[in-house]
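Here the working numbering is used: the first residue of the sequence shown is 1371, the next is one more, and so on.
Below: one structure, written as structure tokens.
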Amino acid sequence: MWRADGSDDDGWESRRTQAGQLAEAVESLVACWLMAAEETRPRLPARQLLALRTVRASPELNLTALAEHLGVGLPTASRLCDRLEAAGLLERTVQPSNRREVQLVVTVYGKRLLADVAERRVRRLASVFEAMTPAQRTALEHGLRGFHQAHTSGRGAEGPADG
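Here it is in structure tokens:
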């Protein structure tokens, strides 16, 4: 937040500048991450891959909960699941206790695809890490863990309310 005297009382502007400077490095990391997923067959868009990972991590999710988790509408989540099901990566089954509720299950093929993507990502990251010094790798690890913690805790999603 800016004060009347023009100073930045909470450091927001300096954090914004720092974020801008890190953008290129983040783009490089994201490109490395996405390229690994694009090497798999079938090739899945990032949102479908995220949906598949989400269902695998939380098998109790139904279609409505998946839509909420992904931040999309129910029709969008349903079409997303249609595509995953058509590719043999996901199954929709009727919940025995509530026949109106659809349960989502990652197939064996879907689990294999997720494992393949994860392995390709690890290999790509490891090859980049070889070119880094141990101190750079440690600093990156600490920084990314801190970023993950702040992101998943709900802090840091946006700037100050008035800015």
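Note that beta-carbon positions come from the ideal geometry of N, C-alpha and C, so glycine has one too.
Buried/exposed call for A1421, threshold 16 Cβ in 10 Å: Locating residue 1421 in the sequence shown gives position 51, where the first residue counts as 1. By the neighbour-count rule (16 or more Cβ atoms within 10 Å), A1421 is buried.
Any idea what DSSP makes of E1430, helix, strand or coil? Here residue 1430 refers to the residue found at position 60 of the sequence shown. Correct three-state label for E1430: coil.
Determine the direct distance from the alpha carbon of A1456 to that of A1447, and round the result to whole angstroms. The sequence position of residue 1447 within the sequence shown is 77, counting from 1. The sequence position of residue 1456 within the sequence shown is 86, counting from 1. Distance between the alpha carbons of A1447 and A1456 is about 14 Å.
Can you tell me which of the three DSSP states R1385 falls into? As a first step, residue 1385 is located in the sequence shown; it is residue number 15 there, counting from the start. Reduced to three states, the DSSP call for R1385 is helix.
In three-state terms, what does DSSP make of R1411? On the sequence shown, residue 1411 is found 41 positions in, with the first residue counted as 1. In this structure, R1411 counts as coil in the three-state DSSP scheme.
Identified DSSP bridge partners for L1474: Looking up residue 1474 in the sequence shown gives position 104. DSSP, once it has assigned bridges, lists R1462 as partnering L1474.
What residue does the alpha helix (DSSP H) around A1520 start on, and which one ends it? As a working note, residue 1520 is residue 150 in the sequence shown. Segment P1504 to T1522, the alpha helix (DSSP H) holding A1520.
Would you decide whether V1498 is buried or exposed? Buried here means 16 or more other CB atoms lie within 10 Å of its CB. As a position in the sequence shown, residue 1498 is number 128, starting the count at 1. Exposed: under 16 other Cβ atoms inside 10 Å.
Counting C-beta neighbours from all protein chains within 10 Å, is the total for L1392 16 or more, i.e. buried, or is it exposed? Translated into the one-based positions of the sequence shown, residue 1392 becomes position 22. The residue is exposed, with fewer than 16 neighbouring Cβ atoms inside 10 Å.
Pairing CB atoms from the stretch 1461-1477 with CB atoms from the stretch 1424-1440, are three or more of them under 8 Å? yes
State the Cα-Cα distance for the pair G1367 and G1390, rounded to the nearest angstrom. The displayed coordinates of the chain run from 1371 to 1533. Any statement about residue 1367 would go beyond what the structure contains.
Anyone know if the C-beta pair for E1461 and T1477 falls short of 8 Å? Within the sequence shown, the letter at position 91 stands for residue 1461. Within the sequence shown, the letter at position 107 stands for residue 1477. Closer than 8 Å, so yes.
Between P1445, P1429, R1491 and Y1479, which lies nearest to Q1465 when the distance is taken from Cα to Cα? The residue you call residue 1465 lines up with position 95 of the sequence shown. Selected option, being the one with the closest Cα: P1429.
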